[in-house]
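Student: Following this message is one structure expressed as structure tokens.
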Amino acid sequence: MGVTKEGVESTLTSKMNPSHLEVIDTSGGCGASFAIEIVSEQFEGKRLLERHRMVNSALEEEMKEIHALSIKKALTPTQWKAQQDSSTTQAA
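Going by numbering that gives the first Met the number 0, 54 is the number at position 55 of the sequence shown; the sequence numbering is gapless.
Laid out in structure tokens, this is it:
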């Protein structure tokens, strides 16, 4: 059986303890392609490339079956809050 959205969520939750996580199966259900938005304190002090490597490392086993992984956002909680505040201000 292929990788599931729930499996990716479970792995990232246990290994990265995110305060926000959104996993979207962009493969139409076959588990070959995912888009991820993740917010974690573990990203503090890390550059974007390092954050992406951390996500890829956390999903090492799953990556053997995933054909495409798009990390849309990999933010610290502070960055996430600032982005949410900015969105709220723009929407008003």
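Glycine included, each C-beta is placed from N, C-alpha and C at the ideal position.
Please go through the same chain and pick out, in chain order, the residues whose beta-carbon is closer than 7 Å to the beta-carbon of R50, but skip the five residues on each side of it.
Tutor: Answer for R50: F42 and A73, listed in chain order.
Student: Are the CB atoms of L20 and A57 nearer to each other than 9 Å?
Tutor: No, Cβ-Cβ distance for L20 and A57 is not below 9 Å.
Student: Using the C-alpha atoms, what's the distance from N55 back to L47?
Tutor: One C-alpha to the other measures close to 12 Å.
Student: Assign L58 to one of three DSSP states: helix, strand, or coil.
Tutor: In this structure, L58 counts as coil in the three-state DSSP scheme.
Student: So V22 packs on W79, CB below 8 Å; how close in whole Å?
Tutor: Actually they do not touch by this definition, with Cβ atoms about 16 Å apart.
Student: Please report whether the beta-carbon of T75 lies at a distance below 9 Å from any beta-carbon of chain C.
Tutor: Absent from the structure: chain C. Only one protein chain is present.
Student: Locate the beta strand (DSSP E) running through E21, then write down its first and last residues.
Tutor: Unbroken beta strand (DSSP E) run through E21: H19 to D24.
Student: When you compare each of S13, S86 and H66 to A31 by their alpha carbons, which one comes out closest?
Tutor: Ranking the options by Cα distance to A31, first place goes to H66.
Student: DSSP three-state label for K72, please.
Tutor: Three-state result, K72: strand.
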